[in-house]
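Chains as they are written, first to last, in the UniProt record's numbering: chain A, 1 to 352; chain B, 1 to 305. Ideal Cβ placement from N, Cα and C applies to all residues, glycine included. Worksheet: the structure to be examined is printed underneath.
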């Protein structure tokens with residue numbers, strides 16, 4: 001990707017949070033690029049640091065979190081040195097965010113129209129009636145029926161799917177260049193999920209906005225994302241195009257994720273799905289080994305000797321693993337672990 | 001909204017009805033009203049005469065209904081001791097107490113809400129510790145001691161404020177501060193904990209994520225939520241203050257309801273005591289109703305189901 005089409009550029013992002021007696025390190029050395037009109041999915045399980053990465057990009061982390069980066073750029077502007085005032089000008093205007101839970105993300109005390117106007121009038125010199133008009137147009141655009149009535153309603157009078165549509169309309173108010181959607185469909189019914197994803201994709205294609213989609217659900221990613229960034233334990237472990245990563249995962253963690261999704265037409269009834277044993281360990285201190293080693297079925301002694309660096313895997317792909325990139329060391333059945341006791345011991349080692 | 005309003009009104013009416021019964025009965029439970037009215041050293045025949053004259057020989061519910069039917073027309077009876085209509089007596093004393101209560105609550109809110117918000121926005125900093133210290137001091141210091149300290153400093157030493165009476169607004173400054181300071185800790189701590197919660201809530205994160213100014217985030221999207229329990233608490237505290245702070249009114253020689261209640265109890269002035277109990281009960285009920293309505297105005301989830 002050339003520099004001039006890049007909207008967001010994150011280099012060497014680290015987040016550290018002091019806790020009594022220690023320091024959590026939930027995001028380490030993360031690199032992410034989003035181009036104009038591109039959808040980049042950040043994928044990983046709960047606790048992998050993907051939401052904190054998003055909040056760090058928005059400058060929304062709590063005061064006690066220490067955020068460091070080699071570069072954090074929106075277009076050509078460096079956000080790392082931006083003043084709090086500049087951050088506020090950019091948020092909602094150039095970067096907008098859609099949150100996971102639409103039931104709580106809107107302020108229950110204000111009408112939908114008032115909340116939308118408040119944002120628009122914060123960023124634009126515009127009359128209230130003009131702001132209402134634009135809010136109305138956008139509510140219609142995101143497929144909300146009877147938008148005039150919705151403007152006058154309070155969030156609790158709307159269903160979850162409608163509220164998420166309101167959030168999307170809110171994100172579009174100031175025609176941002178980048179939208180960060182943090183698990184935008186996780187809290188919704190499955191049928192609504194598909195509608196919201198289709199809406200996001202259509203709007204993204206129509207407006208040429210860069211979309212950073214954060215999700216734990218690989219099913220959401222397929223058909224949405226141009227590129228996938230897989231995160232594990234606060235680190236990026238694999239980067240590639242959507243097709244590459246889903247069809248031929250390189251990192252064992254990604255492979256485990258892909259093996260755990262049932263594929264319509266391919267996965268037979270009663271067939272065991274793969275799963276990754278254990279949980280994400282707490283991220284404390286410097287790495288002394290591969291972050292995934294305790295849960296990795298391919299782990300060797302070499303994986304424990306030193307932290308693993310990101311390396312080029314050809315075809316523009318990146319991976320943080322020492323396994324050969326051609327897939328020769330892989331065994332598709334390694335993820336199917338019917339023995340509960342082995343899963344249990346893996347859980348224990350994973351949490352230590 | 002109509003359903004909510006009628007429910008609250010019904011509740012208010014029931015509370016007033018029940019407390020009026022209690023107010024009425026308390027007087028009768030505390031001894032023979034005829035004997036008390038006849039005075040010490042009255043003969044049995046005198047007491048019986050009083051009993052018949054004032055109708056104390058009738059069944060209780062008849063006396064109650066009789067009392068209620070007069071009260072609703074504004075006739076609270078006659079004080080035998082003061083030889084005046086109770087309504088007039090109350091009309092003289094109530095404004096003093098109401099002024100004191102409103103000023104004291106105003107002072108308490110003006111001090112405790114900003115401090116509570118600041119303490120919540122900067123937890124475990126100097127301002128948080130200062131407000132905690134202020135709260136602990138307010139809770140621990142007896143109000144009479146604080147009032148005497150104020151009197152000494154501003155009335156005797158600096159000579160800038162009058163120390164007794166209720167003639168001008170200046171007279172209300174020290175009593176309001178002394179009484180209001182007592183209400184400050186609870187309001188401040190409640191504001192602080194409410195703000196701590198709400199500032200971590202999702203909708204505040206949304207407000208920040210959309211670049212709203214800090215003032216808007218804190219006041220419109222934060223304080224509006226955190227203030228809801230504070231409204232209910234403030235209503236109860238104002239009710240308490242309207243009940244008359246006997247201590248503060250006595251120290252500053254304010255002829256308010258608290259002072260009147262204390263005097264009337266000493267001289268067994270039944271009609272006045274009954275009227276004061278009733279007024280306080282009505283004040284509590286009405287304030288609670290107002291707090292509920294104010295909360296419904298603040299939070300649409302209460303008024304629109």
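Chain B contact for residue i (CB, 9 angstroms cutoff)
i                      : result
residue 184 of chain A : no
residue 92 of chain A  : yes
residue 68 of chain A  : no
residue 343 of chain A : Confidence in residue 343 of chain A is poor, its pLDDT being 46 and thus under 50, which makes the residue's placement unreliable; the coordinate value appears in the next sentence. No, no contact with chain B.
residue 216 of chain A : no
residue 146 of chain A : no
residue 202 of chain A : no
residue 105 of chain A : yes
residue 132 of chain A : no
residue 162 of chain A : no
residue 99 of chain A  : yes
residue 193 of chain A : no
residue 157 of chain A : yes
residue 290 of chain A : no
residue 20 of chain A  : no
Residue range of the unbroken alpha helix (DSSP H) whose run includes residue i
i                      : result
residue 301 of chain B : 300-303
residue 94 of chain B  : 86-121
residue 224 of chain A : From DSSP, residue 224 of chain A is part of no alpha helix (DSSP H); its letter is neither H nor E.
residue 26 of chain B  : 2-29
residue 336 of chain A : First-last for residue 336 of chain A: undefined, no H or E at that position.
residue 231 of chain B : 224-242
residue 267 of chain A : Per DSSP, residue 267 of chain A belongs to no alpha helix (DSSP H) and is neither H nor E.
residue 168 of chain B : Per DSSP, residue 168 of chain B belongs to no alpha helix (DSSP H) and is neither H nor E.
residue 153 of chain A : Looking at the DSSP string, residue 153 of chain A is not in any alpha helix (DSSP H), and its letter there is neither H nor E.
residue 151 of chain B : Segment: none, residue 151 of chain B is in no alpha helix (DSSP H) and carries neither H nor E.
residue 68 of chain B  : 60-71
residue 255 of chain B : No alpha helix (DSSP H) holds residue 255 of chain B; DSSP gives it neither H nor E.
residue 125 of chain A : Segment: none, residue 125 of chain A is in no alpha helix (DSSP H) and carries neither H nor E.
Residue range of the unbroken beta strand (DSSP E) whose run includes residue i
i                     : result
residue 39 of chain A : 39-43
residue 66 of chain A : 66-68
residue 33 of chain A : 22-35
residue 71 of chain A : 71-74
residue 6 of chain A  : 6-19
Beta-carbon separation (whole angstroms), residue i vs residue j, contact threshold 8 angstroms
i                      : j                      : result
residue 187 of chain B : residue 148 of chain B : Between residue 148 of chain B and residue 187 of chain B the Cβ distance is about 24 angstroms, and since that is not below 8 angstroms, they are no contact.
residue 104 of chain B : residue 180 of chain B : 4 angstroms
residue 314 of chain A : residue 294 of chain A : In fact, because the Cβ distance is near 28 angstroms, the residues do not count as touching under 8 angstroms.
residue 211 of chain B : residue 73 of chain A  : Contact flag wrong, Cβ pair sits at about 18 angstroms.
residue 38 of chain A  : residue 227 of chain A : 7 angstroms
residue 42 of chain A  : residue 239 of chain A : Going by Cβ atoms, the distance from residue 42 of chain A to residue 239 of chain A rounds to 10 angstroms, so no, they are not a contact pair.
residue 160 of chain B : residue 190 of chain B : So it is not a contact: roughly 33 angstroms between Cβ atoms.
residue 155 of chain A : residue 112 of chain A : 7 angstroms
Chain A contact for residue i (CB, 9 angstroms cutoff)
i                      : result
residue 196 of chain B : no
residue 304 of chain B : yes
residue 264 of chain B : no
residue 120 of chain B : no
residue 207 of chain B : yes
residue 210 of chain B : yes
residue 192 of chain B : no
residue 128 of chain B : no
residue 295 of chain B : no
residue 298 of chain B : yes
Cross-strand partners of residue i (DSSP beta bridge)
i                      : result
residue 178 of chain A : A/95, A/210
residue 132 of chain A : BP columns for residue 132 of chain A are empty, so no partner.
residue 232 of chain A : A/235
residue 208 of chain B : Answer by DSSP bridge pairing: none, since residue 208 of chain B is not bridged.
residue 318 of chain A : A/239, A/312
residue 79 of chain B  : B/84
residue 186 of chain A : Per DSSP, none; premise fails for residue 186 of chain A.
residue 284 of chain A : A/24
residue 118 of chain A : Answer is none; residue 118 of chain A lacks a bridge partner.
residue 77 of chain A  : A/74
Residues near residue i in its chain [Cβ-Cβ closer than 6 angstroms; skip 5 each side]
i                      : result
residue 259 of chain A : 274, 335
residue 340 of chain A : Low confidence applies to residue 340 of chain A: its pLDDT is 46, below 50, so where it sits in the model is not reliable enough to give any reading.
Proximal residues to residue i (C-beta, below 7 angstroms), its chain only, five neighbours per side dropped
i                      : result
residue 24 of chain B  : 64, 67, 274
residue 219 of chain A : 261
residue 308 of chain A : 290, 320, 321, 322
Interface partners of residue i on chain D, CB under 8 angstroms
i                      : result
residue 213 of chain B : No chain D appears in the structure shown, which is made up of the protein chains A and B.
Cβ neighbours of residue i in the same chain (closer than 8 angstroms, five flanking residues each side left out)
i                      : result
residue 196 of chain A : 161, 164, 165, 168, 184, 185, 188
residue 54 of chain B  : 33, 34, 37
residue 12 of chain B  : 285, 286, 288, 289
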